[in-house]
Amino acid sequence: MVRRLLSYIIPVNVASRKSEWSKNLEITWNNGELVMDSKNTNYSYGSLQRILRKGLQAIGFDEIQAMEHILVLGVAGGSVIKTITDEIGFKGKITGVDIDAGVIALANEYFGLDAIPNLEIVIDDAFEFVLKTKDRYDLIIIDIFQDTAMPNFLFESFFSKRIHFLLRAKGILLFNTMLLSKQDNIRNDDYVSELQQLGFDTEVIPRVEEHNELIVARKV
């Protein structure tokens with residue numbers, strides 16, 4: 001494909017869309033990879049897929065394969081789901097929650113998200129979903145951004161306690177965060193301290209792809 005080869009020299013735009021929640025989304029060939037980007041950051045595949053793959057490797061692919069139900073809060077193009085199904089070979093149930101129907105439509109069109117048989121997509125606000133769901137999960141992945149901003153509710157005590165409740169015994173939280181300021185560093189330090197008080201064994205993987213910090217928390 002000419003566009004794919006050209007992308008090793010310069011990024012090649014394939015499609016641009018706006019949605020209710022995302023001012024601008026682009027599908028682009030970049031260094032031979034088809035990626036989804038917002039105005040200021042990578043949304044799926046490319047660097048984001050590498051970031052979350054590191055978190056999954058820290059948990060252990062064998063451990064993930066043995067799980068029954070994974071919850072993904074913040075789907076975007078579905079790159080972490082592709083890693084879980086294609087690379088890890090996970091056969092259990094995956095529930096993906098995203099507030100933006102437009103981004104899911106793009107993910108279906110360009111990345112074949114709707115062809116994954118063990119995936120259920122729910123269009124909903126993540127906060128509302130965790131309040132309503134009656135399921136329990138072995139792994140909860142949080143990857144929620146609006147461009148480079150992270151909603152405040154992700155770091156609130158009530159939400160953290162609800163995540164703890166929804167995880168099965170020895171369940172795991174994988175949380176992708178972005179650090180762009182000193183205040184973001186303080187926020188993450190406070191958040192990790194709170195997770196430890198709730199009864200999580202925490203591991204922090206700092207400065208993944210420069211600005212991202214992964215938090216891996218095991219329920220004990």
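Per full-length UniProt numbering, the sequence shown starts with residue 1, numbered consecutively.
Positions of the beta carbon are idealized from the N, C-alpha and C atoms, including for glycine.
Segment limits, alpha helix (DSSP H) that includes Arg168: Unbroken run through Arg168 is the beta strand (DSSP E), Leu167 to Met178; no alpha helix (DSSP H).
What span of residues does the beta strand (DSSP E) with Asn13 cover, start to end? Element bounds for Asn13: Val12 to Arg17.
So what does Asp201 bridge to, in DSSP terms? Paired residues: Arg218.
Quick one: what does DSSP say Ile123 is sitting in, helix, strand or coil? Ile123 falls in the strand class under three-state DSSP.
Spatial distance of Lys170 from Asp37 (CA atoms): One Cα belongs to Lys170, the other to Asp37, and the distance between them is close to 34 Å.
Is it a yes or a no for the segment 155-166 touching the segment 88-100, going by three-plus beta-carbon pairs under 8 Å? With a cut-off of 8 Å, the segment 88-100 and the segment 155-166 do not count as touching, because too few Cβ pairs lie within range.
Does the structure place the segment 128-135 close enough to the segment 79-88 that three or more beta carbon pairs sit under 8 Å? At 8 Å Cβ cutoff, the stretches do not touch.
Can you name the start and end residues of the beta strand (DSSP E) that Val72 belongs to? Looking at the DSSP string, the run of the beta strand (DSSP E) that includes Val72 is His69 to Leu73.
Just curious, the beta strand (DSSP E) that Leu106 is in, first and last residue? DSSP places Leu106 in no beta strand (DSSP E) but in the uninterrupted alpha helix (DSSP H) bounded by Ala101 to Phe111.
I think Phe127 touches Phe155, with their Cβ atoms under 8 Å apart; what is that distance to the nearest whole Å? So it is not a contact: roughly 12 Å between Cβ atoms.
Output the boundary residues of the beta strand (DSSP E) element that contains Glu63. That residue, Glu63, is in no beta strand (DSSP E); its alpha helix (DSSP H) goes Phe61 to Gln65.
Burial state of Leu5, where buried means 16 or more other Cβ atoms lie within 10 Å: Leu5 should be labelled exposed.
In this structure, how does DSSP classify Asp190 when only helix, strand and coil are distinguished? DSSP, read as helix, strand or coil, puts Asp190 in helix.
Skipping 5 residues on each side, what residues in its chain have a beta carbon closer than 6 Å to that of Ala107? Apart from the 5 residues on each side of it in sequence, Ala107 sits with its Cβ closer than 6 Å to the Cβ of Gly77, Gly78 and Leu113 in its chain, given in chain order.
Residues near Glu120 in its chain [Cβ-Cβ closer than 6 Å; skip 5 each side]: Cβ within range, chain order: Thr95.
Take Gln49 and list the residues in its own chain whose beta-carbon comes closer than 6 Å to its own, dropping the five residues that flank it on each side. Shown here for Gln49: same chain residues with a beta carbon closer than 6 Å to its own, the five before and five after excluded, namely Ser79 in chain order.
Beta carbon of Val72 nearer than 8 Å to that of Ile172: Result no, Cβ atoms of Val72 and Ile172 do not sit closer than 8 Å.
Just to check my reading of the structure: Asp143 and Gly60 have Cβ atoms closer than 8 Å, yes? What is that Cβ distance to the nearest angstrom? With 8 Å as the limit, Asp143 and Gly60 do not qualify as a contact, their Cβ atoms being about 19 Å apart.
In chain order, what residues of the same chain lie with their CB nearer than 8 Å to the CB of Ala66, ignoring the 5 residues before and after it? Within the same chain, no residue comes within 8 Å of Ala66 by CB-CB distance, once the 5 residues on both sides are set aside.
Can you tell me whether Asn24 is buried or exposed? The criterion is at least 16 other CB atoms within 10 Å of its CB, across all chains shown. With fewer than 16 other Cβ atoms within 10 Å, it is exposed.
How far does the beta strand (DSSP E) with Ile81 in it reach, from first residue to last? Per DSSP, Ile81 lies in no beta strand (DSSP E) segment; the continuous alpha helix (DSSP H) that holds it begins and ends at Ser79 to Lys82.
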